[in-house]
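Following the working numbering, the numbering of the sequence shown begins with 239 at its first residue and continues without gaps.
All C-beta atoms, glycine included, are put in the ideal place defined by N, C-alpha and C.
From a predicted model like this one, the values you see are computed outputs, not experimental measurements.
Below you'll find the structure, written out as structure tokens, and then a few comments.
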Amino acid sequence: MLHLRFRAVDTEVMSALSIALVAELQQLFPTSSLEDFTFELVSTQFYKQGDIYHGSPFVEVLYANVTPVVQDKLAEVITHNVQLAAGQDIDVTVIFTEFHPGVCYLNGKKH
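Here it is as structure tokens:
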């Protein structure tokens, strides 16, 4: 199960990413189905010295049971796809939040 939260990404870019990323995610997680990948676009507003600005793409990946090697590859895949969709010259931040055993519930049951 992967839940990807995107900030500072336009809706058109997010729509394209939700298609393009799935194929690569399924290569990293071959036993996963389409339902195992959730894409969320979080509305944000960035400010710098009192002025509104667009900000750089920021992706938070919530996950369980991912090895450090796969995590590194996942960061590369996400960054590459965001830069392809939104512009090569942008910085992309990817952070990971791990679901530890016993803290994730699905329909009221530990997942």
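Next item on the list: Kindly list the residues whose CB is nearer than 8 Å to the CB of VAL315, restricted to its own chain and excluding five residues on each side of it in sequence; keep chain order.
Entry: LEU259, GLU262, LEU263 and LEU266
Next item on the list: Return the bridge partner residues of VAL332 from the DSSP annotation.
Entry: VAL297
Notebook entry, point to check: With a CB to CB cut of under 6 Å and the five nearest residues on each side skipped, what residues in its chain are close to ALA313?
Noted result: VAL332
Checklist line | Buried or exposed by the 16-neighbour rule on C-beta atoms within 10 Å, applied to PRO295 | finding: buried
Note to self: By the three-class DSSP mapping on this structure, what secondary structure does THR276 have?
What the structure shows: strand
Note to self: Check for me: the beta strand (DSSP E) holding ASP289 runs from which residue to which?
What the structure shows: 289-291
Item checked: Expected contact under 8 Å - CB spacing of LEU240 and PHE275 to nearest Å -> 5 Å
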